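Step one of this worksheet: look at the structure below.
2 protein chains.
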Amino acid sequence: MSATLVKPVLYSYFRSSCSWRVRIVLATKEIAYDQMPVNLVKDGGQQLSAEFQAVNSMQQVPALKIDGVTLSQSMAIMQYLEETRPNPRLLPQDPKKRAQVRMISDHIVSGIQPLQNLSVLQKVGEKKMEWAQHYISHGFQAVERILQQTAGCYCVGDQVSLADVCLVPQVYNAERYKVDLTPYPTIIKINKALLELEAFQVSHPSRQPDTPPELRA
Amino acid sequence: MSATLVKPVLYSYFRSSCSWRVRIVLATKEIAYDQMPVNLVKDGGQQLSAEFQAVNSMQQVPALKIDGVTLSQSMAIMQYLEETRPNPRLLPQDPKKRAQVRMISDHIVSGIQPLQNLSVLQKVGEKKMEWAQHYISHGFQAVERILQQTAGCYCVGDQVSLADVCLVPQVYNAERYKVDLTPYPTIIKINKALLELEAFQVSHPSRQPDTPPELRA
Numbered sequence: 001m002s003a004t005l006v007k008p009v010l011y012s013y014f015r016s017s018c019s020w021r022v023r024i025v026l027a028t029k030e031i032a033y034d035q036m037p038v039n040l041v042k043d044g045g046q047q048l049s050a051e052f053q054a055v056n057s058m059q060q061v062p063a064l065k066i067d068g069v070t071l072s073q074s075m076a077i078m079q080y081l082e083e084t085r086p087n088p089r090l091l092p093q094d095p096k097k098r099a100q101v102r103m104i105s106d107h108i109v110s111g112i113q114p115l116q117n118l119s120v121l122q123k124v125g126e127k128k129m130e131w132a133q134h135y136i137s138h139g140f141q142a143v144e145r146i147l148q149q150t151a152g153c154y155c156v157g158d159q160v161s162l163a164d165v166c167l168v169p170q171v172y173n174a175e176r177y178k179v180d181l182t183p184y185p186t187i188i189k190i191n192k193a194l195l196e197l198e199a200f201q202v203s204h205p206s207r208q209p210d211t212p213p214e215l216r217a
Numbered sequence: 001m002s003a004t005l006v007k008p009v010l011y012s013y014f015r016s017s018c019s020w021r022v023r024i025v026l027a028t029k030e031i032a033y034d035q036m037p038v039n040l041v042k043d044g045g046q047q048l049s050a051e052f053q054a055v056n057s058m059q060q061v062p063a064l065k066i067d068g069v070t071l072s073q074s075m076a077i078m079q080y081l082e083e084t085r086p087n088p089r090l091l092p093q094d095p096k097k098r099a100q101v102r103m104i105s106d107h108i109v110s111g112i113q114p115l116q117n118l119s120v121l122q123k124v125g126e127k128k129m130e131w132a133q134h135y136i137s138h139g140f141q142a143v144e145r146i147l148q149q150t151a152g153c154y155c156v157g158d159q160v161s162l163a164d165v166c167l168v169p170q171v172y173n174a175e176r177y178k179v180d181l182t183p184y185p186t187i188i189k190i191n192k193a194l195l196e197l198e199a200f201q202v203s204h205p206s207r208q209p210d211t212p213p214e215l216r217a
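So the sequences go chain by chain: A and B. If you read the first sequence in full-length UniProt numbering, its first letter stands for residue 1, the second for the next number, and so on. If you read the second sequence in full-length UniProt numbering, its first letter stands for residue 1, the second for the next number, and so on.
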């Protein structure tokens, strides 16, 4: 069977915000895929197993098996999907607008999420709630300021883009760590509008194959 | 004067690894620019000043004023330069190879550097050396494994790419935090080859306008 006929496989964890990003893109582009749950908590983290290392040497989710290769890192995966399955577009065609989308995305992907991910909070220990709140609030201050320059209905104008794909899972994390979102009215407004869209709903952590019954929507 | 005739201005700090990435790309593409130093240590961090916030609402370096806009986030800046000044290319044309380049870049940009940057280490306090070593070593283990699949002379094959641009400043940080690099022979070899190239030399932290005399090469 040729690589293009094989359904992609997403290695994912229901609550991983980076996994959710990729699920949104797959849903937006209507790409059918199978999902393989990797539990980041059970057995000391199944992503660290020898079995999973053979799939993804980076030992992280998400990983996407597609077109005969296995990709990791959510931004790399999403941009690969954008370049090989461009409809509908999640990056604008104008280079300056693309840069705006990437600025917002990268600020979340590099500037916020890594500082509040599971393994870092485990290392931080008892002060983890305060630590997560600090980095999410601090990061959202900058995101709110830039959105005031770029936003329409969504993060950059009126088209859904990768910036939106990164924003919604980060707001989900913010709520999980009880961050006060009142100072970020633009983020609140855009997040609400995005959660109306089907691609953001079907990919939601509350609706995945590995979502525990008590967290199901 | 039209935007394209105005020399770009890079807001940069000599020792910021994210700033160095952008300086490498500007040098590789032979783009003339002016540099405005922003001292991340002096005055409690000049990037936090109201004056600099007016330049870059994200209050971070690097920021690049170019073509009438100000961009921030190193990956967003570098990809903007790649899309508007494609010669020489720093992303391969094949989508799978581009994904490899982005996987390595993003692993450094999102998975390593944010966890050992100045503001995080200040928050970590007295255990900062051990903390930085932990995250750099852990990240380099994954980078070394993936490089064993992708590398030629450089990170992905024999062409310099954004992955190389991200790698060299991260190795510089590793050395600064006295990380034992022995377990990463591929990283060592590629870093050495890259440091032979002029674009990596002229952009080096030891040769910037704001490099203190005692750290000059």
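For every residue, glycine included, the Cβ atom is placed at its ideal position computed from N, Cα and C. All values reported here derive from a predicted model rather than from experimental measurement.
Report the start-end ranges of each alpha helix (DSSP H) in the UniProt domain "GST N-terminal" (6-89) of chain B that is 4 residues or longer and not cut off at the edges. 17-28, 50-55 and 74-84
Does the distance from the C-beta atom of PRO205 of chain B to that of ARG15 of chain B stay below 7 Å? yes
ASP106 of chain A versus SER19 of chain A: straight-line alpha-carbon distance, rounded: 16 Å
Going by C-alpha distance, which of B:TYR154, B:GLN79, B:ALA27 and B:ASN56 is nearest PRO185 of chain B? B:TYR154
Mind checking SER2 of chain A: buried by the 16 CB within 10 Å criterion, or exposed? Low per-residue confidence applies at SER2 of chain A: pLDDT is 49, beneath 50, and the placement is therefore not dependable enough to give any value.
What is the rounded straight-line gap between the Cα of ASN87 of chain A and the Cα of LYS128 of chain B? 45 Å
Of the residues that make up the region 71-89 of chain B, which ones have a beta carbon closer than 9 Å to any beta carbon in chain A? LEU71, SER72, GLN73, SER74, MET75, ALA76, ILE77, GLN79, TYR80, GLU83 and THR84
Beta-carbon of SER17 of chain A versus every beta-carbon of chain B: anything under 7 Å? no
Opening and closing residue of the alpha helix (DSSP H) in which ILE112 of chain B lies: Careful: ILE112 of chain B lies outside any alpha helix (DSSP H) and carries neither H nor E.
Would you check if the distance between the CB atom of ILE136 of chain A and the CB atom of ILE112 of chain A is smaller than 7 Å? yes
Hey, TYR172 of chain B and ALA132 of chain B are a contact pair by Cβ (cut 8 Å); roughly how many whole angstroms apart? That pair is no contact at about 13 Å.
7 Å CB neighbourhood of LEU215 of chain A in its chain, flanking five on each side removed: SER206
Report the neighbours of LEU115 of chain B on chain A: residues whose CB is nearer than 9 Å to its CB, in chain order. PRO114, LEU115 and VAL120
Can you tell me the Cα-Cα spacing of VAL25 of chain B and TYR13 of chain B, whole angstroms? 16 Å
Measuring CB to CB, does SER74 of chain A end up less than 7 Å from PRO92 of chain A? no
Per-residue contacts from HIS107 of chain B into chain A (C-beta, under 7 Å): MET58 and GLN73
What's the gap between the Cα of LYS65 of chain A and the Cα of LEU10 of chain A? 6 Å
Tell me the residue span of the alpha helix (DSSP H) that contains LEU167 of chain A. 162-176
DSSP state of ALA151 of chain A mapped onto helix, strand, coil: strand
Could you compute how far the alpha carbon of GLN141 of chain B sits from the alpha carbon of GLU175 of chain B? 15 Å
Give the single residue among A:GLY68, A:ARG102 and A:PRO169 whose Cα lies nearest to the Cα of GLN79 of chain A. A:ARG102
When the Cα of PRO95 of chain A is compared with those of B:GLN149, B:ALA76, B:ASP180 and B:GLU126, which residue comes out closest? B:ALA76
Going along chain A in order, which residues have a C-beta closer than 7 Å to the C-beta of GLY111 of chain B? PRO114
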